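In terms of my numbering, the sequence shown is residues 981 to 1126.
Just so you know, even glycine gets a beta-carbon here, dropped at the ideal spot from N, CA and C.
All of these numbers come straight from a predicted model, not from anything done at the bench.
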Amino acid sequence: MIKFFLMVNKQGQTRLSRYYEHVEINKRTMLEAEVIKNCLSRSKDQCSFIEYKDFKLVYRQYAALFVVVGINETENEMAVYELIHNFVEVLDKYFSRVVSETLNIMFNLDRVHIILDEMVLNGCIVETNRNRILAPLYVLDKVAES
């Protein structure tokens, strides 16, 4: 099960966070700081899976953007690793050139949350098909245009 999903820039600033288990706000801040420090301090040659406290961290770096997912011990690390890549590809398809245009994402966090909610429900991966994930956003875009 997925415990949390984070998007972080190279400066260590959280750009998106979604928790699938209750964590108090002050503990979230400490958790995010520790998780970010662990991921940012690793070299590109090191494994993208980290055992941390009572869960595992799976992360991928895309230019200046890190996507970090906290999972429990029963979740498949490779499946989550591919979920991260699929998530970035869906963002790239919707926003076009997501890695170079992180500001575009930051000004449309509602859309990013919709994409993530279409892919993950209550900490479980429910959808990976890009067209199905983006269908609700395309409907919203059509409604907004008219």
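Item to complete: Spell out a yes or no on whether the segment 1112–1124 and the segment 1088–1098 are touching, meaning 3 or more CB-CB pairs, one atom from each, closer than 8 Å.
Response: Yes, since at least three Cβ pairs between the segment 1112–1124 and the segment 1088–1098 fall closer than 8 Å, the two stretches touch.
Discussion item. Quick check on Glu1069: does DSSP put it in helix, strand or coil?
Written reply: helix
Worksheet item: Among Gly992, Val1119 and Ser1076, which residue has its Cα nearest to the Cα of Val1048?
Response: Gly992
Discussion item. Quick check on the DSSP output: the alpha helix (DSSP H) that includes Tyr1118 runs from which residue to which?
Written reply: Arg1110 to Glu1125
Item to complete: Keeping to the same chain, check which residues put their C-beta closer than 6 Å to that of Phe984; ignore five residues upstream and five downstream.
Response: Tyr999 and Gly1050
Discussion item. Considering only their Cβ atoms, is the gap separating Asn1052 from Phe1035 smaller than 8 Å?
Written reply: yes
Worksheet item: Curious, which full-length beta strand (DSSP E) runs of at least 3 residues does the segment 1014–1101 contain?
Response: 1029–1032, 1035–1042 and 1045–1051
Item to complete: Let me know the secondary structure DSSP gives Met987 once reduced to three states.
Response: strand
Fill in: Within 8 Å, strictly: CB atoms of Val1015 and Tyr1032
Their beta carbons are under 8 Å apart, which means Val1015 touches Tyr1032 by this criterion.
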